[in-house]
Structure formats: structure tokens, C-alpha cells
Amino acid sequence: MSDPLLEVRDLRTWFFRRDGLSRAVDGVSFDVAEGETVGIVGESGCGKSVTALSLLGLHPSPPGRVMEGSSVRLRGEELVGADPSRLREIRGRDVGMIFQEPAAALDPVRPVRVQVAEALVVHGRGSWRAALPRSDELLAEVGLGDVARVGRAYPHQLSGGMCQRAMIAMAVACEPALLIADEPTTALDATVQGQILDLLGGLRARRRMSMLLITHDLGVVAEMCDRVLVMYAGRIVETGTVDQLLDDPRHPYTVGLLDSLPDAGHAGGRLRPIGGSVPPSTAWPTGCRFRDRCPHAMPRCRSEPDLAVPGEGRHVRCWLAETPSGGAGA
Amino acid sequence: MSGTTETRARLGGARALAGLLLPGTAQIVRGQWAAGLASVTLWVALITTAVWRRGRLIDAWTAGWDQRLAAAGLLAGLAAVWMWGWWSARREASARAGTGRLHQMARALAADPTALAGIWVVGAICLVALLAPLISPFDPNVQGSLVAERFLPPSRAHLLGTDNLARDVFSRLLYGARVSLTIGLLAVAVSVTIGTLVGAVAGYLGGWVDAVVMRIVDTFLAFPRLVLLITIVALFDPGTLLVVAVLGLTLWPSTARLVRAEVLALRRRDFILAAEALGFSRRRVVFGHLVPNALGPIIVAATLGIGDTIVLEAGLSFLGLGVQAPTASWGSMVDAGRANLLGAWWIATFPGLAIVGTVLAFNLVGDGLRDALDPRFRA
Amino acid sequence: MQSLPRGHLSRYALRRILGAVPLVLGISTLLFFVVNLAPGDPASYLISPGMSAEVVERIRTSFGLDDPVPVRYLKWLGSVASGDLGQSFSQGRPVVDVLASALPATLLLSGVALVLSFMIGTVIGALQAARHRTAVDSTLSFFTLFFYSMPSFWLALMMMLVFSYAASTLWGWPIWFPASGIQGADYEALSALGKLRDRGMHLVLPAASLSLVMMGGIARFARGSMLETIRQDFIRTARAKGVPERAVLFRHALRNALIPLVTLLGLYLPILFAGTIFVEEIFAWPGMGRTVVGAIQARDYPLVMGGGLLFAALVVIGNLVADLLYAFVDPRVRYD
């Protein structure tokens, strides 16, 4: 296998806040291969978005800081501690990003086509004069058909779905190798969600992009991803291919996530939400961080298991994962 | 076991004794720095004044009301600090952790060094204003020899020099604090009361009441307040009471607008809807629920309003439309320094610095309160 | 979704102008009742001892003091509407003429001060926001709060003391500024360039006193507005697409942070004119503020009221301009 496009090793993004130290991302490692789509799932407050933002140094700072020893490599180039101007070159050119609230993510006082064109101009893909027609083409490519009208419109004149399409046009303007999508469909209507996912899927295929898809929606994961990382409390608790994870979840947290889906067929058809909620990031539990909410908690869980390796490309951070019947079921 | 209890009892006794001699030490020992230091400082300041000016303190009772008020204030202050120290030292520290929004505001304020500095300065100015008759070296209104004592530069005898009528600038500055603070506080109290009533009623009732009231408010706000003030004051006979009334009656529209906005925002919240659904009377909903919940922004606006009002009062006095001669006011003192600005710069300079310092302190407290309410923009 | 042809703007403007009419009416009413609520017969205030019987009679009729209050009120509104503000006692001219001759000087001074204070204030506020939680931020915070807390009349006097009197006589600085008036005594004899320089030198101290005090408040507001803007999602978007930090701040953040500042423009006019009154009085600037203060000292009530009305009208006009400007800078404003 060739080197992965993105290599993240022991990423720790901590927030030094007034009310205490928040270890929002606390030792996360994963790879994204060329052309691969990787999903990160978990509840709100698990550190998914912070993970995505801190890859390119976009986390709020201060108070946030990527800690010593973290490593993010893009095509082998270290990005943690990289020169700010180098990071700026990579943002938008090698790595595109789209966000959860498309309407808020666009500058309210500039026409959409200007904002798309800006992405081209700042990376030296031509002057404003050349970039504006190109931005109209990009808007057409993402399905904003009536470009002359839409392109000159301001964000407040567009629906949420149209804003997200414009964001996507902006993110892929410079043909990035990796697209990071942070909850791209969460704020949208159900019907629009599907359209946006189709659009992303089509773009990914045409441009051979890799994708890092952050979502709390396992349905989206099932539709889009090759591999999945399950995050809980700033840590990855389980990784595997989509099929492995959906058919044979090993970590009790993954099981819980699947059981709380309305159509979770494999577990007897009844909705079983996970009890309790994600603890505040300033006070992660010691030992296994899922211990307090876990139906299988045992004395051993007071120390935290490593990411155990039960099979090929498959990792589970649970003591139970070592036994084959694992955390599945009851 | 019994040993520790005994030690603790003895320690408690020692603390109580220290508290009696120097109220506040017990709080400092316990770690309540802000309250303890304030108490010790106030105690020392009052005692020092009492001992240093003991002659005047005794004579005060046969002198005018100014002196009597200051002397009574000093004694009452001493008694209050002492009783507070004693009472507070006996309570458990943990018994005083409030959870309300105002308590939270107070706690955030105590953690903000610039706001604390503002509170200390405001406190010091209040103290000076109260004790002015006892501590001022000269009578502020008695003129010295116009030949020998006019325009004297700052010296040991006259700390800040003398003015065009040979009066001691430092003494007048101390007395001027009384005018600024009294007028500032009273006028803001009047305007906040009116503004809160009007704003809450307009916001709650809505409809034509709201429309009419907001038209009036807009009219007031569009009118340059100073022009309105000088027009009114010039038509009537200038005087302290008039200045308070006029300042109070022209500041309320901005408070009314603020309170109305708060009430409109709160109205849609569930707890107000719940109160209405329970059939509470309108008055109870407005003054029992809406106003208390809007109290934070009102306090912030009032604190910042005190600074504005002090500046306005000084401006009126500067134009000769405020407090009338010979009563010392910072604004009229600056005016007195205009005629000989270069030759006797101290006459205009120091009262102006006093205004800046006082207003700055109130604004620091106001900023601190605002940040405590909404901590996003913390410096 | 609809496109926004700029033609709507003029209709919007017209509606805003019509909306200001009740405001002007309200202000006239306020002025009328202030004068008529004053204790005693208004005539006793309007008549000064040295006045001839003929003048007294003219004043009485011009104010219609024998009419009942509602009639007088309507007459007052009528005369204001027709631009007749009565006769100034102290200057023996119609109030309108007196104000018309004083208006240009005031507009010059307050215009320069307004532009300066908004420019400097915005730059300082933006700089503070960009350097949030650093020594630069807190130093500038104290600096702006210091000027914000300062009475304009005292700052004007201190400016005069240091940069005019002391600079010229005590310290012998090469540059010092004139302490009074709008132009020097030898103004007419100067060349065109000399005239401009003379005017400029006379403008420095009054304009600096006025704008420094306002700058404090504006910078404080600009800082807050900028911090609020920087927290928003679209700033993160701009960074995510690789826009350089400087352009993020100026092209995206500042442009958006300026929108609420336009509203502040309307709110600051009363403060500006209050400052103008003091600064003109101190620097003997022949504008409306000085005229009004002189009128108060001379108990020239028609002139006081006329000046008050004109100041209020300027504020209303300023607010209108701010409203229209707002619609212009913020595409989200809908003209209906």
C-alpha cells in the first residue's frame, strides 16, 4: 500500500479555558488514503469537529492549542507547527472544508460568486477578472443552475441547501485532494440532505477526492463512507470498515449508537438510547471514558484499554473486544 | 480529637478578638480577600480621620449641617464596619454561596481586577465626599486675602494652590465630590426608576401604548440632551434641585428603551408564558418576573449612566447653569480656571482630573458588570 | 428570492423622510412646552429691561401671548413650519439669519471631528480586536476609556493650555496652534495657500478636542463589534479557503463590523453637538454652539429655542443619512 494522503498521530487539541482545561481532542490517530472516504461519528461534544478544525489549525486559538507530540501529515508534510503562511497555502488548495451552518458560513455582505472567486484568487489561480467566470462554472457544476442569478445573489437570498452548494463550490474550487465536511447536512431539511450527499458523492468520484466526513448520522456514514472512526470523549473508541462497524459493532458505545437509531433492525427493533450524556470536556472520567454510561462496565474498566486489535484494520478500545462475543447484543 | 477542637476554638477566639480590634482580619485569614481588605482599609481610614481631626469631630455638633452629617457619617461608618466584621466572622464561609444571576454577576466582578480597581476608587471618592468637612484643610468657600493669597501655586500649605478668589483648590475639590456624586446618583436613580417603569409597561402591554411611548422616547433621544438641558435650566432658576430633576427627567428614555427591549425578549420565554398561563396578574408578571430578570442590564446601564451624568452636570456648572456659587462644583471650578489658564493652570487642571478619575472609575465598574453579564468580550 | 434594483432605494428614502416628520413635530412640541411650562409669564423672560416699548409689543404679538395655550401651540407650529423662528433680542436680527450665519462654521468643525473620530476610532477598535487579550488590547482599552470618560470642555482647555499658550510662550515650540477663532486677524491679507493653512491651524485644536472624546466611545464600540464579527462562521470559512489573515480581518471582518457602526453614527450626533457647544464656546469658534451659549447668557430665548430646534433637526437629518447608509452597506436590509 502506498503512503496515506493524511496521517494523524496522537492529535491532542486542548482548550485552556477559564473554567478549566478542556481536553476536547485527546490522542487521536487515523489515516485517510487517496480516494478514500472516512467518517467520524459520535455524539455532540465528543471532539469530532475540533478534530476536523485542528487538522488545519482552524480551531479557536486562544484558548485552543494543539499539544506537543501531535502530528498531522499531509502527503508526508508535517502540518503541526508549520509556518502559518504554509498552512494558509494548503487551506483551500490541498484541503477544502465545508461546515454545518451554510448560511452562517458565507460572508453576508458579498455576492456568492465573489466569495467563490476569492478562493481561486488567493491561491493564484488567476486575477479577479478571470476568477469570476470560473466561479460561475463552479456554481453550475454544483447544481446552482441559474448561475447569473444565483451567483450575483447574496447569501441571505439563498436557501440553506443552495448556500451549502455554494460552500461546496468554494471548497472544491482549487481541486483539493481532501475535502473535510463537518456535519454538512445536519442543518438542512431531510430532502435537501440527500441532494447534498449525492452532490458530494458525484464530486468525489469525478475528482478522485478523499473525504473526511464528520457526522452524528450513521445513515450518512452508511451511504458515503469506506471506513468509520467512532469518537467518544476526545478519543477514538472503534474503527473499521462501514460493513464491519454496522454489522458487527464491538464497542458498547458503537452498539449504543446503533441501538438508538429508529430502524436498528439487528437488535430486536426497540429503540434503546444510551443512558446519560457526554460528560463535559473539562472532566473526562478516568479509566475508560465510557465507563459511567456503559451497560457492561466492570472493575477492570477503571484503567483504560488501548485500542485493541481484534482483526484486520479493526481496532476497539474496550476490554470486552478481546473476547469474540464482545460488546455486541444485550 | 479533643485537642484539635480546643485549638480550633482558641483559634476562633483569637480570630474574633482580632476582628473586634481590626474588623476584616478574620475574613482575610479565611481567604475572603476582597471583603477583608476593604473592611480593614475602611476601618483604618475612619479611625485615622477620627483621631487626626478629633477637634473638628467634637466641634462638628455645634457647627453647620455639613459638619454634623460628616461626623455622624464617620461614627456610623465605624459602627457599621465593626458590626459587619463581627457578624460576618462568626458565619461559616460556605453559607454564602448564592446561585442567583446577581450573585453570579457579583462573583465574576470580584474576579475582574480592573473592575475591582474601579470599585475601590469609587469607594474612596464616596468616602472623601462624606468626610469632606472633616478632612478638608480649609473652608472651601472662605476667601483669603485677594492681594496676598490669590493664584498661589501648589505648595505645602495649599496642596493644589488657590483660585482667583484666594480659596483653597484642594478643599474645594473635596467638597466638589459631594456635588458630583449626589447629583450623579440621585439623577440616575430618578431616571432609572422612571425608565424601568415606562419601558416595562410599554414592552409588556405593546399595542398603541408601546407605539406612543416609543415615539416620545425617540423624540427625546433625537434631541441633543445638552441643548434640552441648557434650554430648560436657562428658563428656570438654576439650582441643585433643578439640575437633579432635569438630568433625571431627560435620561429616562434610554433606560426605557433598554428595559423595553429586555422585556420584549423575555416575554416570549417560557417562564413568563407559564406565569401568564397560571393567571398571574399583569402587575405581578411585570414587576415580579420581567423586571427582576432584566435587572442585570439595568444595573450596567445605570452604572455607566452615572459617569455620563457626572460629565453633564460638570458641563452645566461649567456654563454657569448648574450648582450656584459659592458652592464648589468641579465643573464651575474648571470654569473659574479659564480666565487665567496659563498663569494659574492648577485651577482648571485638578478639578478636571477629578472628573476624569471619577467617571473612569464608574465606567470601569460598569464595564466589569457588563462583562460579568456577558463574558464574551472580556479584555 | 428577489433581486434588488437600486430604484427601490429612493422609495425607501422617501418613506424614511416622511417617517421623520412626526419626530420633528415631537421636538417642536417638546420645545414649546418646555418654554411654556416655565414659571411665570413667558413675556417676563422675553423682555429685557433695556428694550423699547415697540420691541416689547412686537415680541408679544409674535408670540401671541394673549392667546390660550392650544392656539399658541398651533401658531408656534405654524411659524416653525414656515421657517419663522422669531427675532433675536441680543443681535437684533431674525433668529433664522443668526443661525444661518453660524451654521457653516459648526458644520465644518463637527464634520471634520466626526470623520476623524470615526476613522481613528474604527482603526483602534479593529486593531484591539485583532490583538484581543494582548498588552496592545488592554493598553488601548485604557487609553480609549480615558478619553471616553473625559469632559470635552476640560480636554479643550487642556489642549489650549498645552498646545497654544504653553507651547508658544513658555516652551517656545516651533509649532503651536491658535487658541481662538476660525481665522487669524490678518486672514484677508494672506495668499490663497496661506488662507488654507490659517484655517487649518485654527481648526486643529477644536477638532482634536471634539474627536478625541468621541473617538473613545467609537473605538470601544468598534472593538466589540469586531470581536462579535470575528467569532462568526464566515470568518472561519475565509480562513479555511486560505485567505491571508490580513485580508480576513479587513476584507471580511471589518466590512461586516462596520455595519452596526453606521447606526452608531446616528446615535453619536447628539453627543457630537453637545461637545460642539463647549468647544465652540472655549475656542471662540463662531458657530451655533457659541451662539446658543451667548443667547443663554443674554437670556435671548427665541435664539435659544431656534438653536435647539436646528440642532435637533441636524440630528434627525443625520439619523436619516445613517438609515440610508445602512441600507446601502447591508444587502440584507429590505426596502419595505
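Chains as they are written, first to last, in our numbering: chain V, 790 to 1119; chain Z, 14 to 392; chain U, 3 to 338.
Beta carbons are placed, not taken as given, at the ideal position from N, Cα and C, and that holds for glycine.
Keep in mind that this is a model prediction, so the values were computed, not measured.
With distances taken between CA atoms, Z:GLY49 lies nearest to Z:VAL94 out of Z:ALA287, Z:LEU173, Z:VAL94 and Z:ASP348.
Around the beta carbon of Z:TRP78, a 10 Å sphere encloses fewer than 16 other beta carbons of the protein chains shown; the residue is thus reported as exposed. Taking a cut-off of 8 Å on C-beta distances, the region 969-979 of chain V does not touch the region 252-259 of chain U, as fewer than three cross pairs fall below it. For the region 225-238 of chain Z, the residues whose beta carbon sits under 9 Å from a beta carbon of chain U are, in order, ARG228, ILE229, ASP231, THR232, PHE233, LEU234, ALA235, PHE236, PRO237 and ARG238.
Secondary structure at V:MET886: strand, using DSSP grouped into helix, strand and coil. Only buried fits U:THR239, as 16 or more other CB atoms lie within 10 angstroms of its CB.
Counted as a single uninterrupted DSSP element, the beta strand (DSSP E) harbouring V:SER999 occupies residues 999-1003. Using a Cβ distance threshold of 9 Å, Z:VAL336 and Z:VAL201 do not count as a contacting pair. Contact fails between the region 225-233 of chain Z and the region 307-316 of chain Z, because fewer than three Cβ pairs, one in each stretch, are under 8 Å apart. Inclusion of Z:LEU241 and U:LEU326 in the CB contact set at 9 Å is not warranted, their separation being larger than that value. Under the 9 Å criterion on CB atoms, V:LEU842 is classed as interfacial with respect to chain U.
For V:ALA970, the enclosing beta strand (DSSP E) begins and ends at 967-971. Of all residues in the region 1077-1092 of chain V, none comes within less than 9 Å of chain U when Cβ atoms are compared.
Taking Z:ILE148 as reference, the option from Z:ASP125, Z:LEU355, Z:LEU87 and Z:ALA51 with the minimal CA-CA separation is Z:LEU87. Look at V:PHE804: its C-beta is not under 9 Å from any C-beta on chain U. Excluding sequence positions up to five before and after Z:LEU129, its CB lies less than 6 Å from no other CB in the same chain.
For V:ILE1003, no CB of chain U lies under 9 Å from its own CB, so it is not counted at the interface with that chain.
In this structure, the alpha-carbon of V:THR980 lies about 45 Å from that of Z:VAL214. The alpha-carbon separation between V:CYS952 and V:GLY991 amounts to approximately 18 Å.
Your pair V:PRO897 and U:ARG334 checks out as a contact, with CB atoms roughly 6 Å apart and the cut at 8 Å.
The Cβ atoms of V:GLY831 and V:LYS837 lie closer than 9 Å to each other.
In terms of Cβ geometry, Z:GLY350 and Z:THR340 do not form a close pair [threshold 9 Å]. At least 9 Å separates the CB of U:GLN89 from every CB of chain Z. Of the residues assessed, U:VAL23 falls on the exposed side of the cut-off, its CB having fewer than 16 other CB atoms within 10 angstroms.
Look at U:SER182 here: in three-state DSSP terms it is coil, with no helix or strand label. Only residues of its own chain outside the window of five on either side were considered, and among them SER30 have a CB closer than 6 Å to the CB of U:VAL82, listed in chain order. In the DSSP assignment, V:ASP1095 falls outside any alpha helix (DSSP H), carrying neither H nor E. The alpha-carbon separation between U:ASP139 and U:SER92 amounts to approximately 51 Å. For U:TRP178, no CB of chain Z lies under 9 Å from its own CB, so it is not counted at the interface with that chain.
The beta carbons of U:VAL114 and U:ALA209 sit closer together than 9 Å.
Taking the CA atoms as reference points, Z:HIS171 sits about 31 Å from Z:LEU254. A direct Cα-Cα distance of roughly 18 Å separates Z:VAL313 from U:SER227. Under DSSP, V:THR802 forms a beta bridge with V:VAL814 and V:VAL855. Assigned with DSSP and collapsed to three states, V:LEU1018 falls in strand. Within the region 245-276 of chain U, contact with chain V at the beta-carbon level (separation under 7 Å) is assigned to VAL245, PRO246, HIS254, ARG257 and ASN258. Under the Cβ criterion of 9 Å, V:ASP1037 is not counted among the residues facing chain U.
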